[in-house]
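Residues 1097 to 1188 in the numbering used here are what the sequence shown lists, from first letter to last.
Glycine residues also receive a C-beta, built at the ideal position from the N, C-alpha and C atoms.
In what follows, a structure is listed as structure tokens, so that the remarks can point back to it.
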Amino acid sequence: MKTTGLLLLLSLALFSIFFFFLGIQAAPIYCRNQRTLRNMCSMEYMPHCGSDGVTYPNKCMFCNAYLYVQNQSLHLPSGKSSRQLRGNCEQK
């Protein structure tokens, strides 16, 4: 019984750590095919919500903002995929 509880606790800890680092690394992974700032982005409107609360018009603009900032303060919220983030940021 103690072994089962210990394994369950260890699994939960590893799972939590994995999702913590997934959230931190999300923007570099999501923007991996855009390595430099683009001078022009398409005019398509597929909004992306950044963790800074700004709604970016599309993926290109989101990745441009991330590359411009070049820090970890702008990333996709932990546990969210790009499909879940399409849309306007929630109004507070």
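Keeping to the same chain, check which residues put their C-beta closer than 6 Å to that of residue i; ignore five residues upstream and five downstream.
i, result
"Cys1185", "Cys1145, Gly1149, Thr1151"
"Leu1163", "Leu1133"
"Met1157", "Cys1137"
"Glu1140", "Asn1154"
"Asn1167", "Legend: pLDDT at Asn1167 = 49, less than 50; position of this residue unreliable, no value from coordinates given."
How many whole angstroms separate the CB atoms of residue i and residue j, which I take to be in contact at a CB cut-off of 8 Å?
i, j, result
"Lys1155", "Met1142", "7 Å"
Quick one: using the 10 Å Cβ neighbour count with 16 as the cut-off for buried, is residue i buried or exposed?
i, result
"Asn1129", "exposed"
"Ser1177", "Summary for Ser1177: the model assigns pLDDT 46, below 50, so the residue's position carries little reliability; its value from the coordinates is reported in the next sentence. Under this definition Ser1177 is an exposed residue."
"Leu1102", "exposed"
Below 7 Å CB to CB, which residues in the same chain sit around residue i once its five sequence neighbours on both sides are set aside?
i, result
"Cys1159", "Cys1127, Gln1130"
Between residue i and chain B, is any beta-carbon pair separated by less than 8 Å?
i, result
"Val1150", "In the structure shown, chain B cannot be found, because there is only a single protein chain."
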